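Take a look at the structure below.
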Amino acid sequence: MGILSKNDIEYLKKEFGKSLKNSVEIYVVFSDNCQYCNESKELIQEVASTSNKIKYKILDMNKDKDFLRKIKLPEGVDHGPLLLFKGQHGKINFGFIGIPAGHEFSAFIRDIISVSANHLHISKETINKLSKIKKPVDIKVFVTPTCPYCPSAVYLVHQFAMVNENINAFMIEALEFPKLADKYKVMAVPKNVINDKVEFEGAVPEQYFLEQLMLAVGL
Amino acid sequence: MISVSLATPPKEEKIKEHYDVAIIGGGPAGCSAAIYARRFMLDVVIISKHLGGLITDAEMVDNYPGLPEISGKELGERFVNHAKKYKADFVEKFVTGIKKVSDEFEIKLEDGRTIKASTVIFATGETHNKLGVPGEEELTGKGVSYCAMCDAPLFKDKIVAVVGGGNTAFTDAQLLAKHAKKVYLIHRRATFRADPIEVERVKATENIEFVIPYVVKRIIGENKVERLLLRKTEIKDGKIMETDETMELEVDGVFIDIGLRPNSLLAQDLGVNVNERGYIIVDEDMQTNIQGVYAAGDATDKASKFRQVVLAAAQGAIAAFSAYKYLKAKKTKK
Ligand SMILES: Cc1cc2nc3c(=O)[nH]c(=O)nc-3n(C[C@H](O)[C@H](O)[C@H](O)COP(=O)(O)OP(=O)(O)OC[C@H]3O[C@@H](n4cnc5c(N)ncnc54)[C@H](O)[C@@H]3O)c2cc1C
């Protein structure tokens with residue numbers, strides 16, 4: 000028995016058949032002490048089986064340390080699963096820390112479509128402003144799988160990361176990463192943290208998030 | 000076991016400049032309106048944050064005819080996918096403004112774009128009420144929560160309170176009891192609006208304790224919720240009165256379930272009439288006081304006493320039919 004239902008698979012085949020253009024590269028990182036690595040493996044296999052445009056590589060957190068060092072992952076991520084995307088710009092700078100299950104699965108699917116079709120869902124003004132950022136930005140969005148409002152927050156920051164490779168944006172599943180959730184005092188989701196400086200809760204409008212981001216980078 | 004959810008909106012927001020019908024809100028009422036409007040061959044756009052609407056907050060829905068025991072998440076997705084099948088356009092943005100320009104409507108989105116439409120259907124639903132006590136704003140997200148589904152697992156082995164006496168408070172208390180060490184259920188009366196079956200279930204749950212009849216006066220804490228200040232109430236001449244008796248309760252979190260209020264400010268900006276509680280006033284055709292403007296679902300005065308998916312869907316269908324009739328009549332006049 001797989002994770003996706005027959006209907007889900009049919010739906011994805013149809014949707015991906017229509018909307019995927021370029022191939023998408025996803026890096027799936029496993030480790031020891033990993034609650035959902037097996038499920039994540041199944042999930043990526045099933046998703047990738049629905050379109051030949053979805054390529055994935057499986058990495059090991061320990062063995063592939065050197066490769067992973069180049070990615071600006073949040074500090075304190077000490078186990079998998081990680082599902083990381085290479086953006087349209089060719090850099091791996093956004094993704095999921097913890098399994099993108101529950102509501103989060105929809106953000107995962109939308110990321111695939113957005114990267115592959117090279118289509119962004121944010122306004123031209125936002126893209127303009129984001130493109131100008133030269134300093135590294137680190138965005139974390141904490142979620143739980145039962146939060147219906149979280150995927151739109153995650154998708155938004157992933158869109159930001161697709162615009163500019165200096166912007167690193169990761170979903171963190173709070174229940175799989177309790178140490179990080181504690182460190183950032185996550186008591187409500189989605190919780191957004193930018194550069195460890197600006198933080199706020201909620202799936203906020205694009206404009207508001209952009210303003211907070213600009214504040215955090217001092218622009 | 001893990002599960003996945005598939006509410007993917009269409010990949011591209013190819014927005015047209017003008018639509019026959021713009022539906023604000025993508026919950027049951029909005030999606031149903033879109034399905035019907037498309038069947039009448041109208042150009043339709045649904046503009047909505049959080050597609051699927053409030054029903055996605057429900058763990059289980061067991062009263063939508065024909066679909067027994069469906070999760071709220073899945074029911075919401077089905078509504079959205081059904082509207083997608085009929086090729087309604089979707090724009091997943093907040094609407095920040097709306098105005099009438101000659102006999103058209105200009106709808107302003109959060110990202111600055113505008114969409115024009117000949118008719119508008121408000122299917123904007125409701126949002127959670129706030130307690131309105133000191134500490135609530137400041138500690139929102141720091142222990143004050145309005146979504147138990149989202150945040151309950153973050154309170155594992157902690158002490159939490161739920162405020163309210165309706166079904167949502169009672170189901171939230173049960174959900175929280177699975178994660179938290181202790182759950183207090185605070186209500187300003189000693190009787191409850193919640194269905195008797197939910198009350199029985201809560202009474203049978205060991206780690207839920209009733210704190211009644213009390214009102215919350217203040218939420219206290221430095222950077223997170225630490226305590227609640229409560230005041231005991233009594234009934235005098237049928238009215239709830241506060242007594243002099245206060246007490247403090249140590250909690251890590253407080254979930255507020257004291258009902259909902261309509262999202263009708265946008266409609267009001269346009270000049271749409273609302274009742275004394277803010278619900279959009281519609282006639283039996285879901286027509287508001289402004290020509291070409293309709294409303295459906297939980298945001299309307301027709302639903303304000305019985306807010307259910309089945310009603311929202313029905314009203315959406317009626318609103319779409321009314322918009323169709325209006326547009327047809329307008330065309331033949333020209
Ligand atoms: C916990 C819970 C359990 C429930 N259980 C049941 C049940 O078992 N059975 C049942 O029948 N009903 C149930 N309900 C009630 C049901 O959810 C509602 O009756 C139904 O969702 C109403 O549909 P609607 O389309 O009118 O509004 P909503 O579902 O509230 O949808 C409104 C939509 O409009 C959007 N919106 C609002 N303003 C704007 C704006 N300015 N710009 C963009 N978008 C906007 C919102 O984001 C939302 O997506 C439950 C509700 C809750 C909270």
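Chains as they are written, first to last, in numbering that gives the first Met the number 0: chain Z, 0 to 218; chain L, 0 to 333. Using N, Cα and C, we set each Cβ at its ideal position, and we do this for glycine too. Note that this is a predicted model, so its numbers are computed, not measured.
- Within 8 Å of the CB of Ala173(Z), the CB atoms of chain L belong to Pro152 and Leu153, in sequence order along the chain.
- Secondary structure of Thr55(L) (DSSP, three-state): helix.
- The beta carbon of Ser151(Z) sits closer than 9 Å to some beta carbon of chain L.
- Between Leu264(L) and the set Ile280(L), Lys216(L), Lys238(L) and Asn80(L), the nearest pair of CA atoms involves Ile280(L).
- Chain order gives no chain Z residues near Thr242(L), where near means a beta carbon separation below 8 Å; the closest approach is about 32 Å.
- Distance from Val20(L) to Val90(L) at the Cβ level is roughly 13 Å; contact not present, criterion being Cβ atoms closer than 8 Å.
- For the stretch 66–108 of chain Z, the continuous beta strand (DSSP E) assignments of 3+ residues that do not extend past its boundaries occur at 81–85 and 91–96, in sequence order.
- Taking a C-beta distance under 9 Å as the contact criterion, Ile34(L) and Tyr85(L) qualify as a contact pair.
- The alpha-carbon of Ile25(Z) is positioned some 29 Å away from that of Gly75(L).
- In the assembly as shown, Asp110(Z) is a buried residue. Its beta-carbon has 16 or more other beta-carbons within 10 Å.
- Pairing Ile218(L) with Leu227(L) gives a Cβ-Cβ distance under 9 Å.
- Among the residues facing chain Z, Val143(L) is included, as its CB has a counterpart in that chain under 9 Å away.
- Runs of the alpha helix (DSSP H) spanning 4 or more residues and lying entirely within the stretch 41–87 of chain L occur at 71–84, in chain order.
- Here the stretch 98–115 of chain L does not lie against the stretch 163–180 of chain Z, with fewer than 3 beta-carbon pairs under 8 Å apart.
- Between Asn166(L) and Ile255(L), the C-beta gap is not smaller than 9 Å, which leaves the two residues out of contact.
- Within chain Z, no residue has its CB atom less than 7 Å from the CB of Thr118(L), the nearest being about 25 Å off.
- Listed along the chain, the chain Z residues whose CB falls inside 9 Å of the CB of Lys15(L) amount to none; the nearest CB is some 17 Å away.
- For the set Cys146(Z), Thr125(Z), Ala160(Z) and Asp195(Z), the Cα lying nearest the Cα of Glu210(Z) is the one of Thr125(Z).
- Closer than 8 Å to some heavy atom of ligand 1: that does not describe the Cβ of Lys177(L).
- The beta carbon of Val215(L) sits no closer than 9 Å to any beta carbon of chain Z.
- Nearest neighbour of Lys99(L) by Cα position, chosen from Ala176(L), Val119(L) and Ala313(L), turns out to be Val119(L).
- Contact annotation: in the stretch 114–146 of chain Z, residues whose CB is within less than 8 Å of a CB in chain L are Ala116, His118, His120, Ile121, Ser122, Glu124, Thr125, Thr143, Pro144, Thr145 and Cys146.
- Taking the Cα of Thr49(Z) as reference, the smallest distance to any Cα among Val188(Z), Val23(Z) and Glu198(Z) is reached at Val23(Z).
- Boundaries of the beta strand (DSSP E) harbouring Pro261(L): Leu259 to Pro261, taken from the DSSP string.
- Residue range Pro27 to Arg38 is occupied by the alpha helix (DSSP H) that includes Ile34(L).
- For secondary structure counted as the alpha helix (DSSP H) over 4 or more consecutive residues, the stretch 102–189 of chain L holds these complete runs in sequence order: 147–150 and 166–176.
- When rounded, the separation of the alpha-carbon atoms in Tyr63(L) and Val309(L) is 6 Å.
- Restricting attention to Arg306(L), Glu16(L) and Phe39(L), the CA atom closest to the CA of Ile317(L) is found in Phe39(L).
- Cβ contact annotation for Cys33(Z) (same chain, cutoff 8 Å, sequence separation greater than five): His78, Gly79 and Pro80, in chain order.
- Residues of chain Z with a Cβ closer than 7 Å to the Cβ of Asp56(L) are, in chain order, Pro147.
- His17(L) carries a strand assignment under DSSP once its states are collapsed to helix, strand and coil.
- If one requires a minimum length of 3 residues, the beta strand (DSSP E) runs lying completely within the stretch 247–316 of chain L are 252–255, 259–261 and 292–294, in chain order.
- Distances between the C-beta of Ala302(L) and the heavy atoms of ligand 1 include at least one below 8 Å.
- When DSSP states are grouped into helix, strand and coil, Thr95(L) belongs to the strand group.
- Per DSSP, the continuous beta strand (DSSP E) segment holding Arg226(L) begins and ends at Arg226 to Lys235.
- Identification of residues in the stretch 38–57 of chain L having a C-beta nearer than 8 Å to some C-beta of chain Z yields Lys48, His49, Gly51, Thr55 and Asp56, given in sequence order.
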